[in-house]
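Chemist: One structure follows; several queries about it will come next.
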Amino acid sequence: MSLLAVGTIAFDDIETPYGRAEKVVGGACTYISLAASYFVKPIQLVSVVGGDFPAEMLDQLQRQGADLEGVQIKPTEKSFFWAGRYHADMNGRDTLDTQLNVLATFDPILPPAYRKANYLMLGNLTPQVQLQVLDQLEERPKLVILDTMNFWMNIALEDLKKVLQRIDVLTINDEEARQLSGERSLVKAAEVILTMGPRYLIVKKGEHGALLFDTKGEMFFAPALPLAEVVDPTGAGDSFAGGLVGWIAKTNDTSFENMKRAVICGSAMGSFCVEHFSINGLLGLDETDIQRRIKDFSKLVHVDF
Ligand code: AMP
């Protein structure tokens, strides 16, 4: 099944209790593509980079299964830049800087071959751009998954609400779920958000796992794998989204039961991501690594009575 992913390809400055990494490769689309590539290939990417973005890095994404026809390169402009500092517990983080650069004027153009994608992952990006992508589709995908963040809730809430009406799955973190719904309880927040458009809501809770809700009142919880070393949580949410959508595209099944498996695959990819700085935790894995990690998750939650 074909998979289309939209999002940032970026440079990040990251500070965690483990150390610092400056001008490393990041961006939602980058993490989504790498994580999903372990389940399905190719992944059709829609994004934009400046002339400062290394060609070798784009080559690496391509070697790993990305189709770059929809990635625009603006030679005279700079790539999207984000800087963040993590708190001592690694769960909270402060955004120190967001420079939209190429993203400020990004006009996404879907190559004809992308317009009938079976599955669409709208990664964290300007809601206006997400709407422009939806408008170019010739057929409605079987499932549209959206990831967003407080940054867009603060500056583009009205457009974000329009996007929500056109998607099936929303993935956000617990604080963002509270902000979007105005409710403190996550159960109540889910009830409110599920009236805004999506039929599934996934609330990411960092090292405390993820909750899946649907409009019929079903609920599922997946823990995060307790890891000996969490080096850099950047991209965990996007790797989660990549694993999730990769599994769904591979299995072509959007039932609640299969969403549960998808949440485990997402959690597994998030766990690889946080073990290293930048995208390094997602490089060079093989089928056995992924299978073993998924088994670790199953063991963690399985109990016989
Ligand atoms: P995550 O840790 O999964 O939330 O994603 C971190 C990645 O998102 C970083 O690599 C950033 O480049 C990218 N990012 C940060 N802020 C934004 C934003 N406002 N819009 C799009 N991407 C962003």
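Read the sequence shown against the numbering used here and you will find it ends at 305, with the numbers running on by one and no gaps.
Each residue gets a CB set at the ideal place from its N, CA and C atoms; glycine is no exception.
CA-CA distance, Val71 and Asp304?
Modeler: Here residue 71 is taken as the residue at index 71 of the sequence shown, counted from 1. Here residue 304 is taken as the residue at index 304 of the sequence shown, counted from 1. Each residue's alpha carbon lies about 48 Å from the other.
Chemist: I want to know whether the region 181-193 touches the region 144-160 - three or more CB-CB distances under 8 Å.
Modeler: Taking 8 Å as the limit for Cβ pairs, the verdict is that the region 144-160 does not touch the region 181-193.
Chemist: Looking at the secondary structure, which residues open and close the alpha helix (DSSP H) in which Met269 lies?
Modeler: By 1-based counting over the sequence shown, the position of residue 269 is 269. From DSSP, the alpha helix (DSSP H) with Met269 extends over 256-273.
Chemist: Beta carbon of Thr8, beta carbon of Asn124: below 8 Å?
Modeler: Residue 8 sits at position 8 when you count from the first residue of the sequence shown. Residue 124 sits at position 124 when you count from the first residue of the sequence shown. Yes, they are a contact pair.
Chemist: Since Lys260 contacts Phe297 with CB under 8 Å, what's their CB separation in whole angstroms?
Modeler: Within the sequence shown, residue 260 is the residue found at index 260, counting from 1. Within the sequence shown, residue 297 is the residue found at index 297, counting from 1. No, Lys260 and Phe297 are not in contact; Cβ-Cβ is about 11 Å, not under 8 Å.
Chemist: Does the Cβ of Gly237 lie closer than 7 Å to at least one heavy atom of the ligand AMP?
Modeler: In the sequence shown, counting from the first residue as 1, residue 237 sits at position 237. Yes, since a heavy atom of the ligand AMP falls inside the 7 Å radius drawn around the Cβ of Gly237.
Chemist: Does Val46 pass the burial test, meaning 16 or more other C-beta atoms within 10 Å, or should it be called exposed?
Modeler: Start at 1 with the first residue of the sequence shown, and residue 46 comes out as number 46. Result: buried.
Chemist: In whole angstroms, give me the CA-to-CA distance for Gly50 and Glu218.
Modeler: Walking along the sequence shown from the start, residue 50 turns up at place 50. Walking along the sequence shown from the start, residue 218 turns up at place 218. Roughly 44 Å between the two C-alpha positions.
Chemist: Which residues bound the alpha helix (DSSP H) around Arg178?
Modeler: Numbered from its first residue, the sequence shown carries residue 178 at position 178. Looking at the DSSP string, the run of the alpha helix (DSSP H) that includes Arg178 is 174-181.
Chemist: Do you know offhand how far Ala228's Cα is from Ile73's?
Modeler: Here residue 228 corresponds to residue number 228 of the sequence shown, with the count starting at 1. Here residue 73 corresponds to residue number 73 of the sequence shown, with the count starting at 1. So the two alpha carbons sit approximately 39 Å from each other.
Chemist: May I have the straight-line CA-CA distance separating Asn91 from Asn173, to the nearest angstrom?
Modeler: Sequence index remark: in the sequence shown, residue 91 carries index 91 (1-based). Sequence index remark: in the sequence shown, residue 173 carries index 173 (1-based). Approximately 11 Å between the Cα atoms of the pair.
Chemist: Which first and last residues belong to the alpha helix (DSSP H) in which Leu58 is found?
Modeler: Along the sequence shown, read from residue 1 onward, the residue named residue 58 stands at position 58. Residues 55-63.
Chemist: Within the chosen definition, does the region 197-206 reach the region 275-295 through at least 3 CB pairs nearer than 8 Å?
Modeler: With a cut-off of 8 Å, the region 275-295 and the region 197-206 do not count as touching, because too few Cβ pairs lie within range.
Chemist: Let me check you understand the geometry: is the CB of Asp159 closer than 7 Å to at least one non-hydrogen atom of the ligand AMP?
Modeler: Start at 1 with the first residue of the sequence shown, and residue 159 comes out as number 159. Asp159 Cβ: outside cutoff for every heavy atom of the ligand AMP.
Chemist: Within a Cβ cutoff of 8 Å, which residues of the same chain sit near Ile264, ignoring the five residues on either side of it in sequence?
Modeler: By one-based count along the sequence shown, residue 264 stands at place 264. Closer than 8 Å at the Cβ level, and outside the excluded window around Ile264, lie Ala222, Ile294, Phe297, Ser298.
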